[in-house]
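Position in the sequence shown counted from 1, then plus 1490, gives you my numbering. Yeah, the Cβ is synthetic: ideal placement off N, Cα and C, and Gly gets one too. Everything below concerns the one structure shown next.
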Amino acid sequence: SPLLHALQKLPSSGVQLSGDDRPGVSAYADDLKIFSGTKAGVTAQHELVAAFLDWTGMKANPAKCRSMGVRRNGNGAVEADNLDLALADTPIPTMTHHQSYAYLGIGDGFDHVRRRIELAPKLKQLKQDATALIESGLAPWQVVKAVKVYLYPRVEYALRHLHPEDQHLRGFDDHLRRGLRHLLRLPKS
1491 SPLLHALQKL PSSGVQLSGD DRPGVSAYAD DLKIFSGTKA GVTAQHELVA
1541 AFLDWTGMKA NPAKCRSMGV RRNGNGAVEA DNLDLALADT PIPTMTHHQS
1591 YAYLGIGDGF DHVRRRIELA PKLKQLKQDA TALIESGLAP WQVVKAVKVY
1641 LYPRVEYALR HLHPEDQHLR GFDDHLRRGL RHLLRLPKS
């Protein structure tokens, strides 16, 4: 995407990881996350995105957007730093570092302890969805395609943002494997 390439080429934006590795954008489907180590970097990225939207005639819904700025105070503690971002003169809602928002059922923010256990209910829902597909009466090839198109992307997104317990993943994998094996009438070995 031209927008992603332009964001990656912005000088002094992104977060320096090592050497030349300075990521500053993450995209998934039609969603975009920009991040930088400085307020000026995020502002430059935001201005580029807003200009791209104007240039292409595309619209973003500011109510579905969030911004979160953090900085260290004089004592070294992390505190909120309002970014004052807007799209089409509509302010983008601001979160503090104590808040998170949910995308595809997964919380995003600095609350890592809560996010670690969020995958268990998500996998339970995915198991129920897999069972519903397998028992739906669809042709086996349609079920396999639906799993590939609708279930796997939801699992993949969750795994990008959470660090699940192995037992949770094994349980989902076993459930899906058993169901598909039964549906396709495959032997157990």
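- [ ] Could you tell me whether the segment 1514-1526 touches the segment 1497-1504, using the rule of 3 or more Cβ pairs below 8 Å?
- [x] Between the segment 1514-1526 and the segment 1497-1504, the count of C-beta pairs closer than 8 Å reaches three or more; the two stretches touch.
Task: Alpha-carbon spacing of H1495 relative to Y1647, whole angstroms - done: Stepping through the sequence shown from its first residue, residue 1495 is reached at position 5. Stepping through the sequence shown from its first residue, residue 1647 is reached at position 157. Straight-line Cα distance between these residues: approximately 22 Å.
- [ ] State the DSSP-derived secondary structure class of I1624, mapped to helix, strand or coil.
- [x] Translated into the one-based positions of the sequence shown, residue 1624 becomes position 134. It is helical.
Open item on the list: I'd like the ranges of any alpha helix (DSSP H) spanning at least 4 consecutive residues and lying wholly in the segment 1508-1555.
Closed with: 1529-1546
Task: V1634, enclosing alpha helix (DSSP H) - first and last residue - done: By 1-based counting over the sequence shown, the position of residue 1634 is 144. Segment 1630-1636, the alpha helix (DSSP H) holding V1634.
Task: Nearest-angstrom Cβ-Cβ length linking L1673 and V1633, presumed shorter than 8 Å - done: Working through the sequence shown from its first residue, we reach residue 1673 at position 183. Working through the sequence shown from its first residue, we reach residue 1633 at position 143. Taking a contact as a CB-CB distance under 8 Å, the pair L1673 and V1633 counts as one, their CB atoms being some 6 Å apart.
Task: DSSP three-state assignment for E1569, whether helix, strand or coil - done: Numbered from its first residue, the sequence shown carries residue 1569 at position 79. E1569: strand per DSSP, three-state reduction.
Open item on the list: Does A1620 pass the burial test, meaning 16 or more other C-beta atoms within 10 Å, or should it be called exposed?
Closed with: As a position in the sequence shown, residue 1620 is number 130, starting the count at 1. Answer is buried; the Cβ neighbour count reaches 16.
TODO: Using the DSSP secondary-structure output, state which residues sit across from P1581 in a beta bridge.
DONE: Here residue 1581 is taken as the residue at index 91 of the sequence shown, counted from 1. A1576.
Task: Per-residue burial, M1694 [other beta carbons within 10 Å of its own, 16 or more giving buried] - done: Because the chain in this structure spans residues 1491 to 1679, residue 1694 falls outside the shown range and cannot be described.
Open item on the list: Taking a contact to mean a Cβ-Cβ separation below 8 Å, would you say R1562 touches M1585 in this structure?
Closed with: What you label residue 1562 is simply residue 72 of the sequence shown in a count that begins at 1. What you label residue 1585 is simply residue 95 of the sequence shown in a count that begins at 1. Not in contact: R1562 and M1585 (Cβ atoms no closer than 8 Å).
Open item on the list: Please identify the residue among K1612, P1611, L1609, A1636 whose C-alpha is closest to the C-alpha of A1622.
Closed with: Your numbering for residue 1622 matches position 132 in the sequence shown. For the residues K1612, P1611, L1609, A1636, the minimum Cα distance to A1622 belongs to A1636.
Task: Endpoints, alpha helix (DSSP H) assigned at R1668 - done: What you label residue 1668 is simply residue 178 of the sequence shown in a count that begins at 1. Run containing R1668: 1656-1673, per the alpha helix (DSSP H) assignment.
Open item on the list: With DSSP as the reference, identify every bridge partner of A1610, one or two as the case may be.
Closed with: The count along the sequence shown starts at 1 and reaches residue 1610 at position 120. Note: A1610 sits in no beta bridge, so no partner.
Open item on the list: Excluding the 5 residues flanking P1581 on each side, which residues of the same chain have their C-beta closer than 8 Å to its C-beta?
Closed with: In the sequence shown, residue 1581 corresponds to position 91, counting from 1. The answer, listed in chain order, is P1552, D1574, L1575.
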